[in-house]
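Worksheet for the structure shown next.
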Amino acid sequence: MMKKEMMTAKMEAKKIVVLLGSPRKKGNTAALADRIIAGAESAGAAAERIFLHGKDISPCQACYACQRSDSEGCAIDDDMQPIYNKLIEADGWVIASPVYWFCMSAQTKLFLDRCFALPAYKKDAFSGKRIAVAMSFGDDDAFNSGCVNALRTFQDAARYVGANLVGMVYGSADKPGEIQSNTALMMQAEKLGKKLAD
Ligand SMILES: Cc1cc2nc3c(=O)[nH]c(=O)nc-3n(C[C@H](O)[C@H](O)[C@H](O)COP(=O)(O)O)c2cc1C
């Protein structure tokens, strides 16, 4: 690589795409994600937020078109299409979801199912992809709330696709934004953001 090219590569900011799976734009998971973003930005990364709620994202229809060797991607033409490109281009992802009925929100799960098609756009799209997870729940316990079910899902999914699950932050909160009073958790989120941008 030429000296000038090396400098440009060095200066290029890491890209983080943030998938928000709550209908509350100023809710607890959004607050946690904001803090992860603050950490990542302090380490020189650039973040883009995508609010999944309100987007036209259909459930996977199990047509398996994305799994054919000559596939050009997901057969469903909806708001997930531009997201595939962003996921591929990003160095890291933040997935932020509230606990709904003892697992992740439906908005987040729709997104996750549709990621089945990601390798059709780029074969090794998941390999080593840096992922951070942020979750909040109303119960006061991560097990009773069902948060652990979702965290385990993310762990299994990351292992299956060969992604790098950098860390997970999660805590109890109910009213929108309440989670910000948990200063230890917010600090943990900021640290995770820095690690994500490493
Ligand atoms: C439809 C629905 C289902 C919920 N299910 C659970 C649950 O199973 N366990 C739990 O601890 N909290 C549950 N909650 C509470 C939310 O997880 C909690 O308020 C969370 O902080 C919301 O995050 P947000 O502000 O990012 O939306 C539920 C809330 C809603 C609206």
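Under the numbering used here, the first residue of the sequence shown is numbered 1, with each subsequent residue one higher. The beta carbon of each residue, even a glycine, is placed where N, CA and C say it ideally should be.
Please state whether the Cβ-Cβ distance between residue i and residue j is less than 7 Å.
i: Ala88; j: Ala125; result: The residue asked about is misnamed: residue 88 is Ile in this sequence, not Ala. Yes, the Cβ-Cβ distance between Ile88 and Ala125 is below 7 Å.
i: Asp77; j: Asp56; result: no
i: Ser131; j: Leu165; result: The displayed chain sequence assigns Ile, not Ser, to residue 131. Yes. Within cutoff.
i: Ala142; j: Val169; result: no
i: Ala33; j: Val18; result: yes
i: Cys63; j: Ala117; result: no
i: Val94; j: Ile36; result: yes
i: Ser136; j: Gly21; result: no
i: Asp113; j: Gly138; result: no
i: Pro119; j: Arg24; result: no
Thinking C-alpha only, which one of the options is nearest residue i?
i: Ala46; options: Gln61, Gly39, Val18 and Ala13; result: Ala13
i: Ala90; options: Lys175, Ile16, Gly167 and Asp174; result: Ile16
i: Ser127; options: Gly177, Arg159 and Ala96; result: Arg159
i: Cys115; options: Asp140, Gln81 and Pro176; result: Gln81
i: Phe153; options: Cys103, Lys26 and Gly167; result: Note on identity: in this sequence residue 153 is Thr, with Phe being the wrong assignment. Comparing Cα positions, the closest option is Cys103.
i: Gly167; options: Ser58, Asp70 and Ala189; result: Ala189
Does the beta-carbon of residue i have 16 or more other beta-carbons within 10 angstroms, so that it is buried, or is it exposed?
i: Pro98; result: buried
i: Trp101; result: exposed
i: Met187; result: exposed
i: Glu48; result: exposed
i: Ser155; result: Correcting the residue identity first, residue 155 is Gln in this sequence and not Ser. Gln155 comes out exposed.
i: Glu72; result: exposed
i: Arg68; result: exposed
i: Gly54; result: exposed
i: Ser172; result: buried
i: Gly92; result: buried
i: Gln107; result: buried
Could you give the C-beta distance for residue i and residue j, rounded to a whole number, given that I count them as a contact under 8 Å?
i: Ala40; j: Lys194; result: 7 Å
i: Asn28; j: Glu178; result: 6 Å
i: Lys129; j: Ala163; result: 4 Å
i: Ala43; j: Ala197; result: 4 Å
The segment 180-188 contacting the segment 147-157, beta-carbon criterion three pairs below 8 Å = no
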